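One rule links them: number in my numbering = place in the sequence shown (from 1) + 17. Positions of the beta carbon are idealized from the N, C-alpha and C atoms, including for glycine. Since the model is a prediction, treat every value here as computed from it, not as a measurement.
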Amino acid sequence: MKIFVTGGAGFIGKWLIRCLPTDAEIVIVDSIDEQVHKSQSEFAPEQLERALCIKADIRDQDAYASAMEGSDVIVHLASQTGTGQSMYEISKYIQHNVDGTAKLLEVISKLLHKPRRIVLTSSRAVYGEGAFTNGSSVQYSKGRNLEDLQSGKWEIYDNGQELSPLPMKEDYLPNPTSIYGLTKLWQEQLISNYAQNQNIDYTIFRLQNVYGPEQELRNPYTGIIGIFTSLITQKGEVELFEDGKMTRDFVYVKDVAMALKAAIYYQNDLSTIINVGSGKATSLLELVNLIANVAGKDLKINYSGRFRVGDIRHAVADMSRYVDVFSEFQPTSLEEGMVSYLKWYFEQDPLSHGALIESLAEMEKKKLLLTSK
Ligand SMILES: NC(=O)c1ccc[n+]([C@@H]2O[C@H](COP(=O)([O-])OP(=O)(O)OC[C@H]3O[C@@H](n4cnc5c(N)ncnc54)[C@H](O)[C@@H]3O)[C@@H](O)[C@H]2O)c1
């Protein structure tokens, strides 16, 4: 099996490469983007030993076209991933995520032997605010309105009635509220459209919030668990946006790597979209209390009333399609995952909060981080 992985030097990529069988031939193409790779400017020795590593942007087709020949499966992980940042560095997100995917598909189209399958890591961001119910029917929110948010009305309402969030199913309507989400939807559509026309199988995974050891701590645009952990362990105080009751589905990185591996080796045709999450909603308030608990720290919570424009209120995956396809689903519990994460975290150099403060100031300046009245 020859497996070609874009973005393989990133957080999820490292875990994936590690769990692939030793008889698999692996090629990685990764630009080692400096926003993500703060502590290294080259591939890690572990990756150089295991794979043919090409340091290149996926838009630079000549850098990797010949190395892709003979690949059985292409795993496309390379992306810019900061939701907040995507709201002002718009063309950067279009260039890397959309044009990058287009360029990758052009390289595939020129191969002498086409791959059997393309696997994409898309995101739950394509759902946007998601689906809700008033008890009788499924309703979609167009996104929360600014006036409501400014007056501290955080939930989703229909004619004054508060709606309950539904676990997201893959066939619910996509409706991204961020540029990042839009680019992930375009990646999905580019790949499914191209693959169907070329008779290539594909798997699109919509990942929820992935966390775990080795997530870059110095990238202030992603990884909420890293940010909370450093604030809790160093300052004993954390700011929660809105009222802290927004929910997310936190999925442990090893579970994501195992899902990717299952898709790479899946024998039958797939050509479908599949959620990858834990299937459990956790509020950010519960999350920070859990982190403080596992770290053995006292915690002061600062409810600042600030909110990010484009943030969604609730997210949880419906995992039934995953179970139908792969039969097995035994997600790592958040408690178990946090124990492993904190063990790793305490072995790292303490984080300076300068970059985080700067990124929030930048968002405030651009009116993407506001305060309710
Ligand atoms: N981590 C999450 O919570 C999460 C959630 C949903 C979806 N995803 C998706 O999973 C994938 C991997 O995410 P991750 O958390 O490992 O991110 P990451 O930033 O750690 O890894 C992405 C890798 O892609 C590389 N890269 C970026 N642009 C590139 C380009 N133009 N050419 C070549 N390489 C490039 C970066 O150097 C990096 O190594 C992404 O597609 C992301 O959208 C991640």
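Discussion item. With DSSP as the reference, identify every bridge partner of N176, one or two as the case may be.
Written reply: For N176, which the question treats as bridged, DSSP gives no partner whatsoever.
Practice prompt. Note down the Cα distance separating D116 from Q78, rounded to an integer number of angstroms.
Written response: 12 Å
Discussion item. Which of the three DSSP states is assigned to Q156 in this structure?
Written reply: strand
Discussion item. Please report the straight-line C-alpha distance between L122 and I281, rounded to a whole angstrom.
Written reply: 18 Å
Discussion item. Looking at A68: is its Cβ nearer than 8 Å to the Cβ of I45?
Written reply: yes
Item to complete: List the endpoints of the continuous beta strand (DSSP E) containing D47.
Response: E42 to D47
Discussion item. Report the CB separation of S114 from S96 in whole angstroms; it is logged as a contact under 8 Å.
Written reply: As written in the sequence, residue 114 is Asn, which differs from the Ser given in the question. Contact flag correct, Cβ pair sits at about 5 Å.
Worksheet entry | Which listed residue (L373, K55 and K383) has its alpha carbon closest to that of L248 | L373
Discussion item. Distance check for Q215 and H130, CA to CA, integer angstroms please.
Written reply: 12 Å
Worksheet item: Okay, do the segment 277–294 and the segment 26–37 touch, 3+ Cβ pairs below 8 Å being the bar?
Response: yes
Worksheet item: Whose C-alpha, out of F267, G261, I329 and L307, is nearest the C-alpha of S321?
Response: G261
Discussion item. So, does the segment 248–259 touch the segment 282–289, judging by three or more C-beta pairs under 8 Å?
Written reply: no
Worksheet entry | DSSP three-state assignment for S300, whether helix, strand or coil | strand
Practice prompt. Would you mind reading off the limits of the alpha helix (DSSP H) that contains D165?
Written response: L163 to Q167
Fill in: Check: D47 C-beta below 7 Å from any heavy atom of ligand 3
With respect to small molecules bound, the structure shown includes ligand 1 and not ligand 3.
Worksheet item: Any heavy atom of ligand 1 closer than 7 Å to the CB of I29?
Response: yes
Discussion item. By the three-class DSSP mapping on this structure, what secondary structure does L37 have?
Written reply: coil
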